[in-house]
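Input: a single structure, listed below in structure tokens.
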Amino acid sequence: MIPEKAKGKVLEATVVAHGPGSRNEKGEVVPVCVNVGDKVFLPEYGGTKVVLDEDVSTV
Numbered sequence: 010m011i012p013e014k015a016k017g018k019v020l021e022a023t024v025v026a027h028g029p030g031s032r033n034e035k036g037e038v039v040p041v042c043v044n045v046g047d048k049v050f051l052p053e054y055g056g057t058k059v060v061l062d063e064d065v066s067t068v
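Heads up: the sequence shown at position 34 corresponds to 43 in the numbering used here, and the numbers run straight through without jumps.
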């Protein structure tokens, strides 16, 4: 059980774009594990809010 005080607010977001991935120790590209359109969960204080033309996004 998790006490109510310990539970954080969970935010749901939709992936609108992503990069090709990151490189491992061998220099090989490791692709990201999400696709555009996927629903993802963000922690309460995760990411940075960005406002562009009144559109709010989390990066």
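Heads up, the beta-carbon is just placed ideally off N, CA and C, and yes, glycines get one too.
Run of the beta strand (DSSP E) containing Glu21, from where it starts to where it stops: Looking up residue 21 in the sequence shown gives position 12. Note, Glu21: beta strand (DSSP E), 20-23.
Considering Cα atoms alone, identify which of Val39, Glu53, Asn33, Leu20 is closest to His27. Translated into the one-based positions of the sequence shown, residue 27 becomes position 18. For the residues Val39, Glu53, Asn33, Leu20, the minimum Cα distance to His27 belongs to Val39.
DSSP three-state assignment for Lys58, whether helix, strand or coil: On the sequence shown, residue 58 is found 49 positions in, with the first residue counted as 1. DSSP places Lys58 in strand when its eight states are reduced to three.
Following the continuous beta strand (DSSP E) through Val65, name the residue where it begins and the one where it ends. The sequence position of residue 65 within the sequence shown is 56, counting from 1. Judged by DSSP secondary structure, Val65 falls within the beta strand (DSSP E) whose first and last residues are 64-67.
I need the straight-line Cα distance from Phe50 to Lys35, nearest angstrom please. Within the sequence shown, residue 50 is the residue found at index 41, counting from 1. Within the sequence shown, residue 35 is the residue found at index 26, counting from 1. Straight-line Cα distance between these residues: approximately 30 Å.
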